[in-house]
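Here is the structure we will look at, set down as structure tokens.
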Amino acid sequence: MAKKVSLTGIKPTGMPHIGNYFGAIKPALELAEEYESRYFIADYHALNAVKDKEELKFMTYGVAASWLACGLDPDKSLIYKQSDISETFELSTMLAAFTPKGLMNRAHAYKAKVDENTSKNEDPDANINMGLFTYPVLMAADILLFDSDVVPIGKDQKQHLEMTADIAEAVNKNYKKELFKIPAAKIGEETQYIVGMDGRKMSKSYDNTIEMFLGEKKLRKKIMKIVTNAQTIEEKKDPESCNVFKLYKFFSSKEQQKELADKYRAGGMAYSYAKQELFEVMNEFLKPMREKYDYFMENTNEIEKILKAGSKKAREIAKKKIEFLRKEIGIINIK
Ligand code: ADP
Ligand code: TRP
């Protein structure tokens, strides 16, 4: 039996942090064992927000280098750039004809902007571009073009997957035929919830992130800034409620955790000691990935080679799907 397909994309809009790694990147890469897996860089989605040419380029290489540094094997999985699959944009146009405008009005990202404008007494659509409004249609095209069975995503993307299914069903219903497979969202477990430097969920929106590929010095500096309570060195401390220890758990063995927890509970331990321990384990964990990332960022021609090979294979799949769809809906294929 043919393997099922998993597919996911990352927008090149920022540097990946530890939360993204445990919550999104690692679980998505693990699917490569069981699924025929596809990973792409959603650069045209990013364009809605990133209007600086050099920044968009840098972030695009950055996302590709991140996937590769985190263990994506281009011989086993497909990796490509959204912009290289022109069939995506044709499919997006086709899907737009089946997407009720009202459905887009309800999209969280669009609605949040409208609400923000309204609360500021501005025009409801101020600073909203059509790319943001039709974002879910392009995302549906990314997914449906490749007959994806599962799409690993974060909770915030759940609505987009529901919209993808709605749009696909509308098409299937119209032609009384399964032109599209209905994809299922695979949402990461909350057990992988990573705290940020201030104890809230690690997120770019809270400015409390620890980026994955920081150099050693910067990494250490960030770790030293993690918020702890005001207990004195002598006092006995509770490891489980400490942000430093919460992060330590993700990078250490059970024995290491017990050893450090005992020091917390015994008293006489400064938080700077725990932070140094965290730095040691985290640095050891991140170092090989950082080295790979740095290598690719210094050799972007290697990234380009990998993306070129990936998009070549991806387009073969995409072309077939588009030809099939055109035939089914009455768009003439001229050979
Ligand atoms: P941010 O909140 O920093 O903007 P994104 O929304 O871009 O992060 O995150 C992309 C994905 O990374 C999320 O959908 C989620 O799966 C994962 N993720 C982000 N932050 C965390 C976190 N603190 N803990 C676990 N997973 C996270
Ligand atoms: N919208 C996703 C995000 O912001 C990125 C994305 C674009 C995506 N197209 C996709 C994710 C297709 C999964 C499948 O995180």
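Residue numbers (the numbering used here): 23 to 357.
Glycine included, C-beta positions come from ideal geometry on N, C-alpha and C.
The structure presented is a predicted model; accordingly, all values stated were derived computationally and were not measured.
Distance, residue j Cα to residue i Cα
{"i": "V173", "j": "T30", "result": "6 Å"}
{"i": "F346", "j": "I325", "result": "32 Å"}
{"i": "G218", "j": "S225", "result": "7 Å"}
{"i": "L183", "j": "K208", "result": "10 Å"}
{"i": "K73", "j": "K223", "result": "28 Å"}
{"i": "Y317", "j": "L308", "result": "14 Å"}
{"i": "D171", "j": "E109", "result": "19 Å"}
{"i": "A292", "j": "P310", "result": "29 Å"}
{"i": "P122", "j": "K271", "result": "46 Å"}
{"i": "K276", "j": "L282", "result": "10 Å"}
{"i": "K98", "j": "K342", "result": "21 Å"}
{"i": "M152", "j": "A71", "result": "12 Å"}
{"i": "K327", "j": "P96", "result": "11 Å"}
{"i": "F111", "j": "N149", "result": "23 Å"}
{"i": "P49", "j": "P205", "result": "18 Å"}
{"i": "G237", "j": "A252", "result": "29 Å"}
{"i": "D229", "j": "T250", "result": "17 Å"}
{"i": "K142", "j": "K133", "result": "14 Å"}
{"i": "E233", "j": "T322", "result": "20 Å"}
{"i": "S333", "j": "T254", "result": "57 Å"}
{"i": "I351", "j": "D137", "result": "38 Å"}
{"i": "E55", "j": "S88", "result": "19 Å"}
{"i": "E76", "j": "K198", "result": "46 Å"}
{"i": "K135", "j": "K243", "result": "35 Å"}
{"i": "E144", "j": "K239", "result": "44 Å"}
Closest Cα partner of residue i within the set the options
{"i": "T231", "options": "I245, S170, E238, A71", "result": "I245"}
{"i": "G289", "options": "I150, K258, N151, G41", "result": "K258"}
{"i": "R337", "options": "S28, K195, R60, T254", "result": "R60"}
{"i": "S274", "options": "F301, A118, N149", "result": "F301"}
{"i": "G124", "options": "E112, E55, V159, N149", "result": "V159"}
{"i": "A361", "options": "E144, N127, Q179", "result": "Since the first residue shown for the chain is 23 and the last is 357, residue 361 is missing from the structure and cannot be characterised."}
{"i": "E52", "options": "A24, G93, L329, G41", "result": "G93"}
{"i": "S227", "options": "A24, P38, S28, A190", "result": "P38"}
{"i": "I353", "options": "S28, M116, N70, A86", "result": "M116"}
{"i": "D260", "options": "D284, Q278, E238, K239", "result": "D284"}
{"i": "M304", "options": "M185, N196, N127, Q278", "result": "Q278"}
{"i": "G221", "options": "E262, A54, K239", "result": "E262"}
{"i": "L269", "options": "K240, I255, E299, K243", "result": "E299"}
{"i": "Y57", "options": "M126, D169, S88", "result": "D169"}
{"i": "E320", "options": "K280, K135, G84, E76", "result": "G84"}
Residues of its chain near residue i, where Cβ-Cβ distance is below 8 Å and the 5 sequence neighbours each way are ignored
{"i": "T140", "result": "P146"}
{"i": "A68", "result": "K33, P34, T35, L78, M81, T82"}
{"i": "K349", "result": "N355"}
{"i": "G176", "result": "G45, A46, I209, G210"}
{"i": "A13", "result": "Summary: the structure shown does not reach residue 13, with the chain confined to residues 23 through 357, and so no result is reported for it."}
{"i": "E200", "result": "N194"}
{"i": "L241", "result": "I232, F301, M304, N305, L308"}
{"i": "N127", "result": "K133"}
{"i": "I344", "result": "E109, E112, L113, L167"}
{"i": "K280", "result": "none"}
Test item: CB-CB of residue i and residue j under 8 Å
{"i": "A131", "j": "L154", "result": "yes"}
{"i": "F62", "j": "K26", "result": "no"}
{"i": "I107", "j": "A340", "result": "yes"}
{"i": "L113", "j": "K335", "result": "no"}
{"i": "A24", "j": "D164", "result": "no"}
{"i": "N196", "j": "F202", "result": "no"}
{"i": "C264", "j": "Y286", "result": "yes"}
{"i": "A118", "j": "Y157", "result": "no"}
{"i": "S105", "j": "Y66", "result": "yes"}
Residues near residue i by beta carbon distance below 7 Å, same chain, minus five either side
{"i": "K314", "result": "L90, A91"}
{"i": "K297", "result": "I245, M246, I248, V266"}
{"i": "A192", "result": "F120"}
{"i": "T186", "result": "M161, A162, I165, L166, P205"}
{"i": "D188", "result": "L125"}
{"i": "E256", "result": "G289, G290"}
Heavy atom of the ligand FMN within 7 Å of residue i beta-carbon
{"i": "Y215", "result": "With respect to small molecules bound, the structure shown includes the ligand ADP and the ligand TRP and not the ligand FMN."}
Close-in-space but distant-in-sequence residues of the same chain around residue i (CB under 6 Å, 5 per side omitted)
{"i": "I216", "result": "I40, G41, F44, M224"}
{"i": "M161", "result": "H182"}
{"i": "A190", "result": "L166, F202, I204"}
{"i": "F235", "result": "R312, Y315"}
{"i": "K357", "result": "none"}
Interface flag, residue i vs chain C, CB-CB below 8 Å
{"i": "Y102", "result": "Among the chains in the structure shown there is no chain C, since it carries only a single protein chain."}
Check your understanding: Residue ranges of each alpha helix (DSSP H) run of no fewer than 4 residues wholly in the segment 46–125, ordered along the chain?
Key -> 48–52, 65–69, 75–91, 108–118
Point to revise | Uninterrupted alpha helix (DSSP H) stretches inside the segment 167–215 (no shorter than 4 residues) | key: Listed in chain order, they are 180–197.
Exercise for review: Identify every run of the alpha helix (DSSP H) within the segment 255–326, keeping only runs that are complete inside it and at least 4 residues long; order them along the chain.
Suggested key: Restricted to the segment 255–326, the alpha helix (DSSP H) segments that are unbroken, complete and at least 4 residues in length are 265–270, 276–288, 293–320, listed in chain order.
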